[in-house]
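If you use my numbering, the sequence shown corresponds to residues 2 to 337, in order.
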Amino acid sequence: MSALYPWQSHDWQTLLRDRARLPHALLLTGPAGIGKQRFAERLAQLLLCEAPQQNEPCGECEGCRWFLAGNHPDYRLLTPAEAEEDEDGKTRRKQPVIPVDAIRELEDFVNLTSHRRGLRVTIVTPAEAMNVAAANAFLKTLEEPPSGAVFILVAHHWRRLLPTIRSRCRQFPLAMPDARAASAWLEGQGVVNPQLHLAHTGGAPLAALEDAGASWLAQRTELLGHLANPAALDVIGVAQTLDKQKLDAALVIDWLQKWGHDIVSLGLSGKVRYYPDWRDDLQRLSVRATALLDWQKTLLDARKLAHHPLNARLVYESLLFAYLDGLRGKGGKRSG
Ligand SMILES: [Zn+2]
2 MSALYPWQSH
12 DWQTLLRDRA
22 RLPHALLLTG
32 PAGIGKQRFA
42 ERLAQLLLCE
52 APQQNEPCGE
62 CEGCRWFLAG
72 NHPDYRLLTP
82 AEAEEDEDGK
92 TRRKQPVIPV
102 DAIRELEDFV
112 NLTSHRRGLR
122 VTIVTPAEAM
132 NVAAANAFLK
142 TLEEPPSGAV
152 FILVAHHWRR
162 LLPTIRSRCR
172 QFPLAMPDAR
182 AASAWLEGQG
192 VVNPQLHLAH
202 TGGAPLAALE
212 DAGASWLAQR
222 TELLGHLANP
232 AALDVIGVAQ
242 TLDKQKLDAA
252 LVIDWLQKWG
262 HDIVSLGLSG
272 KVRYYPDWRD
282 DLQRLSVRAT
292 ALLDWQKTLL
302 DARKLAHHPL
312 NARLVYESLL
322 FAYLDGLRGK
332 GGKRSG
């Protein structure tokens with residue numbers, strides 16, 4: 002289960018070239034959807050394996066078996082709790098957070114002696130999900146690491162981590178898989194048009210796999226269809242529909258950002274990155290590319306608050322109106 006993805010073996014060998022010098026705190030970085038957590042888990046298993054063979058966990062010792070069963074006593078995985086449903090059945094999309102309580106429990110764990118006389122391994126993923134109190138508490142643990150404790154931090158956005166945490170970890174960026182390896186893997190998972198889904202996700206294979214089977218595909222197609230036809234775009238109606246669909250606002254804004262990116266990119270450099278399947282429409286809109294630069298800034302700001310907007314419908318409305326304004330040249334200088 003915790004085998005590496007095929008594109009990770011080079012990184013694995015690089016990291017373990019000098020296993021004796023592995024740091025007690027490692028920070029694995031890279032975009033979401035490339036398999037960082039799997040890599041971290043494989044490393045944790047290796048560190049807990051009692052009979053490793055050439056930097057591979059044996060898979061059969063007691064350490065490995067406990068790890069694979071998900072109950073190794075010297076292993077902790079810290080990750081934000083799942084979104085909870087409230088009483089009216091609507092999923093509350095709060096920003097996922099690792100709270101300070103979780104770090105306090107972790108302190109108890111790392112300060113105990115190991116059950117199996119080996120290391121105690123903790124994965125924190127994504128590490129940027131620690132709130133301020135949690136990050137400060139965690140920093141103390143990193144400053145005075147109990148002997149035998151190993152921390153593997155995983156971050157999609159490492160710049161959001163406290164600099165003081167970053168400086169106490171060895172940062173190890175995981176490579177983006179090359180397009181061919183990613184496509185081959187997706188085909189093996191039964192994905193029909195791997196290149197397209199890789200484009201939708203900027204080349205991240207796990208995200209592409211999700212993209213290929215997502216429940217919201219029809220909603221995204223519908224929204225992009227509206228964006229492709231701005232003359233007929235009914236902002237109020239579309240915003241209302243999006244709101245009723247109860248999608249994560251961050252997801253919807255991500256689609257809008259990619260749409261804006263492609264229009265601007267086509268206009269400025271003739272390249273489409275995320276939505277090659279919409280190339281003709283994007284091309285037509287790209288005459289307004291420079292006017293949409295402001296819209297991209299608006300989207301970026303909206304994204305920061307996206308997991309918990311007070312009123313998602315109003316957010317969608319204002320973003321869609323801003324899109325139309327950009328296309329019509331309002332607020333920016335008309336180029337002709
Ligand atoms: Zn083993």
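Ideal Cβ positions, reconstructed from N, Cα and C, are used throughout, including at glycine.
By the Cβ neighbour-count rule, Thr-114 is exposed, with fewer than 16 other Cβ atoms within 10 Å of its own. Taking 9 Å as the cut-off, the Cβ atoms of Ile-124 and Gln-9 do not count as close. Sixteen is the threshold: since fewer than 16 other Cβ atoms of the shown chains lie within 10 Å of the Cβ of Ser-168, the residue is exposed. Residue burial annotation: Thr-15 is exposed, with fewer than 16 other C-beta atoms found within 10 angstroms of its C-beta.
Counted as a single uninterrupted DSSP element, the beta strand (DSSP E) harbouring Gln-172 occupies residues 171–174. Residues lining ligand 1 by the Cβ criterion, that is a Cβ closer than 7 Å to any of its heavy atoms, are Cys-50, Glu-51, Ala-52, Pro-53, Pro-58, Cys-59, Gly-60, Glu-61, Cys-62, Gly-64, Cys-65 in chain order. Exclusion of the five residues before and after Leu-293 leaves Gly-261, Ile-264, Val-265, Gly-327 as the residues of its chain whose Cβ lies within less than 6 Å of its Cβ.
Under the 10 Å beta carbon count, Gln-54 is surrounded by fewer than 16 other beta carbons and is classified as exposed.
In this structure, Trp-159 sits near Gln-172, with a CB-CB distance shorter than 9 Å. Separation of Glu-188 and Ala-33 (C-alpha to C-alpha, rounded to the nearest whole angstrom) is 20 Å. Annotated three-state conformation of Gln-38 is helix, per DSSP.
In terms of Cβ geometry, Ile-153 and Leu-17 do not form a close pair [threshold 9 Å]. In this structure, the straight-line span from the alpha carbon of Asp-281 to that of Gly-204 is close to 21 Å.
The beta-carbon separation of Leu-320 and Leu-225, rounded to 14 Å, does not stay under the 8 Å limit for a contact. For Gln-54, the pairing in a beta bridge is given by DSSP as Glu-57. Annotation for Leu-283: Asp-263, Ile-264, Leu-267, Val-273, Tyr-276 place their beta carbon closer than 7 Å to its own, counting only its chain and skipping 5 residues before and after.
9 Å or more divides the Cβ of Pro-174 from the Cβ of Tyr-6. Rounded to the nearest whole angstrom, the CA to CA distance from Val-236 to Leu-325 is 9 Å. Boundaries of the beta strand (DSSP E) around Ala-156: 150–156. Cβ contact annotation for Gln-246 (same chain, cutoff 6 Å, sequence separation greater than five): Gln-220, in chain order.
In the three-state DSSP reduction, Leu-207 falls in the helix class (H, G or I).
Secondary structure at Arg-77: strand, using DSSP grouped into helix, strand and coil. Taking C-beta atoms under 8 Å as the contact rule, Ala-156 and Glu-129 qualify, at a distance of about 5 Å. The three-state secondary structure of Leu-162, taken from DSSP, is coil. Per the DSSP secondary-structure output, Met-131 pairs in a beta bridge with Ile-99. With fewer than 16 other beta carbons inside 10 angstroms of its own, Ser-270 counts as exposed. Less than 9 Å separates the beta-carbon of Leu-44 from that of Leu-27.
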